[in-house]
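A short worksheet on the structure shown next.
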Amino acid sequence: EGKSYEHIKVSSPKPGVGFIELNRPKALNALCTPLILELNSALRNYQADNSISAIVLTGSERAFAAGADIKEMKDLSFADAYGADFIETWSDLVTFLKKPLITAVNGYALGGGCELAMMGDIVYASNSAVFGQPEIKLGVIPGAGGSQRLTKAIGKSRAMEVILTGDNISSKQAGEWGLVAKVFETPQECVDGALATAAKIAGYSQIAVKAAKEVVNKSQDLGIREGVEFERRVFHGLFGSEDQKIGMTAFAAKKKAEWSNK
Ligand code: HXC
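Each residue of the sequence shown is one higher than the one before, starting from 4 at the first, in this note's numbering.
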């Protein structure tokens, strides 16, 4: 906090929880480069801030984000895009982030907006949410991980249908397909639910939380056998933490654990 941005709002409504709201209402939160740079900066500040343990990212009731900024992109040449590795700044958004990120999606989450939503470690939505990868209608394809993350999330045949037709996915469908973890009745309940989950996570040992996020993410890259071995090694490592002793001693003594985050 303290830092002011033009296209996003940052706050900390609950202890240990960082909250980012995309705030470019006139363009339905279209993700122009300055917005992405601000988002990057806010996430980096949270990553470095020991008082923040989990982060919630949301948009407005009308739009999580309606995509990359089409007006900004429309005149790019191949040389511009390739030369500057256009969109590469987006991959920075999550790869460095060791703390859990929950995306709370209301309204449109299209194209880059859908891709950004899927960068959440946990995705929540309300009934108003509409997901989709409409890039095909613009003569392009998803460029910030949509073809990869959507396919992992809902399977090849469904992802192929969504990406090739450009048809939207309703929040109900997204819930049934497992694209989102929970569907809430209203946008406010969705944001409140995300903040409550973030606060719950922030109440655990931050070492264990970080390790849990790391091992679950490994499942996206490794085969089952290597993944299970990796998990076991990280699990072993946690016996070197104070918090493992604190947590298990508290259980045995029927007390509440007071984490040291060491
Ligand atoms: C720039 C956008 C925008 C976008 C909306 N706006 N989406 N500007 N880029 N992606 C602007 C509109 O131009 C308009 O500006 C204002 O926001 C309100 O939008 P309307 O279209 O008037 O609203 P509505 O009729 O309610 O329709 C909402 C909508 C529609 C269905 C979401 O805006 C839409 O289809 N948007 C584009 C969705 C899309 O194609 N996304 C994928 C982008 S490509 P004015 O100035 O007229 O008021 C992409 C590639 C990702 O994301 C690759 C890697 C990042």
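Ideal Cβ positions, reconstructed from N, Cα and C, are used throughout, including at glycine.
Ligand 1 heavy atom lying under 6 Å from the CB of residue i
i	result
G62	no
E229	no
K77	no
L113	yes
E138	yes
D72	yes
G146	yes
I90	yes
L31	yes
A69	yes
Cα-Cα separation, residue i to residue j
i	j	result
I23	D83	30 Å
Y8	A162	35 Å
I71	C35	Looking at the sequence shown, residue 71 is not Ile but Ala. Taking the straight line from one Cα to the other gives about 6 Å.
F254	V20	26 Å
H11	T252	Note on residue identity: the sequence assigns Ile, not His, to residue 11. Spanning the two alpha carbons is a distance of roughly 43 Å.
F3	T61	One cannot answer for residue 3 here, as it falls past the ends of the chain, which runs 4 to 265.
E234	S244	16 Å
S80	L153	27 Å
S44	Q50	10 Å
V165	P190	24 Å
A33	I58	21 Å
L25	S14	12 Å
L225	K216	15 Å
R228	A211	22 Å
L167	Q151	14 Å
L38	A120	15 Å
I73	G142	12 Å
F99	G230	20 Å
Contact under 7 Å by Cβ, residue i with residue j
i	j	result
N171	G135	yes
A147	E118	yes
Y111	A156	no
G114	E138	yes
A69	L40	no
S56	A205	yes
M76	V97	no
A260	V237	no
A28	S63	A quick correction: the sequence has Pro, not Ala, at residue 28. Cβ distance < 7 Å, so P28 and S63 count as in contact.
G169	K140	yes
A197	Y127	yes
A201	S174	no
Q223	N264	no
For residue i, the three-state DSSP class (helix, strand or coil)
i	result
I39	helix
Y85	helix
L225	coil
G21	strand
G250	helix
S56	coil
L79	coil
K258	coil
S244	coil
K159	helix
V218	helix
I204	helix
A51	helix
F99	coil
K12	strand
For the pair the region 93-110 and the region 180-197, tell me if three or more CB-CB distances fall below 8 Å. Contact between the region 93-110 and the region 180-197 is present, because at least three Cβ pairs lie under 8 Å.
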